[in-house]
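Chains as they are written, first to last, in UniProt numbering: chain A, 1 to 93; chain B, 1 to 178.
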């Protein structure tokens, strides 16, 4: 298994493209050297970094949405209380 | 305090290794819990790679896995420098290597791995770690909205909404009774 490919074909700079593979398509035993492993860890790490940063950037609007929902809820409650008070006064209670 | 970062790093890595090797102890801090969680997610997603990379290394001569881990760590920052994603990938790699060593019956080698990783992060990469907020920076980076106060705000607003809801229900009940 190529250590560079994440979810598709390996990148152009993948060292595996210049390495003769064994008949089964697997890398020869013991081929995983420090550079190859580090190359794959970089890809995995950078992908995780980008995904987490993107998710956090998207999630940044969540507190604002939460406050808006709170204000709308309180507005709704106030409206109902006002309607109740009006009904009480109208009924002569 | 010069030793605090080293101590925290060693503690976090020891907890993560213990967790990977079957230790059932509770995480000692929220950061350790975050490390366990995000590392577990990454390991499950990239399991074929971590297994195929670590199994042959576990068969190497004593001392060789730790030396290779040090070389991988040095290579990791070659292009683009460090980021929290790369640090996490390195920690998961070290954990997978420790797991493979234990499967081979070389548990004594795992201590050396944790030591190498700790020295690399808290020693060689100390400046980077400090510039990125230390392990608190790691915690904030991998947690939703980055901090706990947001969760507290959310709890307060939920409590306000619940109180308003109960008040309304009570008033409606009183009105219905009269």
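Every residue, glycine too, gets a C-beta built ideally from N, C-alpha and C.
Model, not experiment: these values are computed from the prediction.
Beta-carbon to beta-carbon, residue 20 of chain B and residue 95 of chain B are separated by about 4 angstroms, close enough to satisfy the 8 angstroms threshold. In the DSSP assignment, residue 138 of chain B falls within the unbroken alpha helix (DSSP H) covering 134-141.
Between the C-alpha atoms of residue 73 of chain A and residue 54 of chain A there is a straight-line separation of about 30 angstroms.
If you look at residue 52 of chain B, you'll find it in the alpha helix (DSSP H) that goes 47-58. For residue 35 of chain A, the uninterrupted alpha helix (DSSP H) segment begins and ends at 34-59.
The Cβ of residue 82 of chain A sits no closer than 9 angstroms to any Cβ of chain B.
Per DSSP, reduced to three states, the secondary structure at residue 67 of chain B is helical. Here the segment 104-121 of chain B lies against the segment 51-68 of chain B, with 3 or more beta-carbon pairs under 8 angstroms apart. Within the model, the alpha-carbon separation for residue 100 of chain B versus residue 55 of chain B is close to 6 angstroms. Taking residue 43 of chain B as reference, the option from B/114, B/115, B/89 with the minimal CA-CA separation is B/89. Residues of the segment 99-125 of chain B whose Cβ lies closer than 7 angstroms to any Cβ of chain A: none. Contact between residue 49 of chain B and residue 52 of chain A does not hold, since the beta-carbon distance rounds to 19 angstroms and is not under 8 angstroms. Residue-level contact by beta carbon fails for residue 89 of chain A and chain B, as no gap is shorter than 9 angstroms. Under the Cβ distance rule, residue 37 of chain B does not count among the residues neighbouring chain A, no pair being separated by less than 9 angstroms. A Cβ-Cβ separation of about 18 angstroms leaves residue 126 of chain B out of contact with residue 35 of chain B under the 8 angstroms criterion. In terms of Cα proximity to residue 121 of chain B, the closest of B/104, B/77, B/41, B/98 is B/77. Distances from the CA of residue 33 of chain B to each of B/13, B/52, B/51 were compared; the closest alpha carbon is that of B/13. Around the beta-carbon of residue 37 of chain B, fewer than 16 other beta-carbon atoms lie within 10 Å, marking it exposed. The three-state reading of DSSP puts residue 30 of chain B in helix, counting H, G and I together.
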